[in-house]
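Residue numbering for the sequence shown is 200 to 479, as defined by my numbering.
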Amino acid sequence: KGDCKHATGKRMASFAIQQRSSQTTFSSWDQNEPAIMQPQQKHRWRTTSALCLNLKPMIQTTFRFNRSTSAKADKNESQPIRWLVILLCFLGVGLFSNCREKSIPLPYAYPRITPPSLQPTTFHHRVYNLNFCYPGYAQIGPLIRRESGQIWFTLSYPYLKGTLYLSWLHTANPKEIEKVIRHQQVSIQQQWNTSEPSQYIRRCNASNASAHMYQNRVSASNPVQFRLSDARSWILLGTFEYDHAVQADSIRDVLPYVYMEIEYVLDHFKPNEDAFTQRH
Numbered sequence: 200k201g202d203c204k205h206a207t208g209k210r211m212a213s214f215a216i217q218q219r220s221s222q223t224t225f226s227s228w229d230q231n232e233p234a235i236m237q238p239q240q241k242h243r244w245r246t247t248s249a250l251c252l253n254l255k256p257m258i259q260t261t262f263r264f265n266r267s268t269s270a271k272a273d274k275n276e277s278q279p280i281r282w283l284v285i286l287l288c289f290l291g292v293g294l295f296s297n298c299r300e301k302s303i304p305l306p307y308a309y310p311r312i313t314p315p316s317l318q319p320t321t322f323h324h325r326v327y328n329l330n331f332c333y334p335g336y337a338q339i340g341p342l343i344r345r346e347s348g349q350i351w352f353t354l355s356y357p358y359l360k361g362t363l364y365l366s367w368l369h370t371a372n373p374k375e376i377e378k379v380i381r382h383q384q385v386s387i388q389q390q391w392n393t394s395e396p397s398q399y400i401r402r403c404n405a406s407n408a409s410a411h412m413y414q415n416r417v418s419a420s421n422p423v424q425f426r427l428s429d430a431r432s433w434i435l436l437g438t439f440e441y442d443h444a445v446q447a448d449s450i451r452d453v454l455p456y457v458y459m460e461i462e463y464v465l466d467h468f469k470p471n472e473d474a475f476t477q478r479h
């Protein structure tokens, strides 16, 4: 009997351990598991538990993949909005910076210069022997006589925001004409820091004389100087300057209009030889 009792106690203890371990293993799958199971039932429960334990990592991986996929989708959806905000910021900064600056002679864009209607106007001065045509939209300044006998006057062009400074000399002494020509050449070489300034010669039929055009490649504010003379009795000097400091790249497309205005004055310039003959 003692052995039977001892064997029965061992069996009961092992059964209690098995029951506790089965409750621990399968409690998450079936809370109403019977206290005593047949061997076939135990095998079925163990197989189901092992299958569920093997599926657990797969389920976690699936949930993790879905979570990362949804996060990427949200991120991809927010990218267009982010780029739109950045683009609007750049546009705002550009607009405000351009509004604070005043560009001369044109805005920062493609050239939009359109010369007004020509409306030729004739200027005639018998005392100073001046006779030439200029566009009606240009504004001629007062004539100023210098001690050297030269007459200074200006032609302003509002649409170019520049001024043409002119100097006129009519004399019977050819040496004075030569002196003025040498002075202009030396002045150009010193101001432009070049011994051979770029120039070209233009024949003007109205005055039957030649015009020498000098192109300034150093300073953008004073792009061109010129002279028109018969080398004997009269000479006309001129230089074009912008009213404000400018950059070379901002006036590159404006220069053709500057040359157009200068050439118009030169082509329609004719000294009053009759008045000069009567005075001398």
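Cβ atoms here follow ideal geometry from the backbone N, Cα and C, with glycine treated the same way.
Asked	Found
Inter-residue spacing [alpha-carbon to alpha-carbon] between Ile376 and Cys332	23 Å
Ile350 versus Trp367 - alpha carbon distance	5 Å
Through-space distance from Tyr413 to Leu287, alpha-carbon basis	47 Å
Cα-Cα separation between Gln384 and Ser347, rounded to whole angstroms	18 Å
Beta-bridge partners of Trp351, as assigned by DSSP	Ile343, Ser366
Closest Cα partner of Gln338 within the set Ile280, Thr438, Lys360	Lys360
Segment limits, alpha helix (DSSP H) that includes Gln383	373 to 391
With 16 other Cβ atoms within 10 Å as the buried cut-off, status of Leu354	buried
Where Glu462 sits in the DSSP three-state scheme	helix
Inter-residue Cα distance where the pair is Asn404 and Asp466	7 Å
Assumed close pair Glu460, Tyr356 - CB separation to whole angstroms, cut-off 8 Å	6 Å
Tyr456, DSSP secondary structure in three states	helix
Nearest residue (CA-CA) to Ile387, options Leu436, Asn372, Tyr358	Leu436
Rounded straight-line distance, which links the Cα of Ala419 to that of Ser449	9 Å
DSSP-derived helix/strand/coil call for Val284	helix
Pick from Thr362, Arg451, Asn392 that is closest to Asp442, judged by C-alpha positions	Thr362
Between the CA atoms of Arg426 and Arg381 - distance to the nearest angstrom	12 Å
Neighbourhood of Ser397 by C-beta distance below 6 Å, restricted to the same chain and skipping five residues each side	Gln414
Chain B contact for Asn328 (CB, 8 Å cutoff)	Given the protein chain composition of this structure (a single chain), no chain B is represented.
Glu440, enclosing beta strand (DSSP E) - first and last residue	433 to 441
Sequence-distant residues of its chain with Cβ nearer than 6 Å to Leu342 (five each side left out)	Ile350, Phe352
Short Cβ contact (8 Å threshold) for Ser428 with Ala408	yes
Collapsed DSSP secondary structure at Leu290 in the structure displayed	helix
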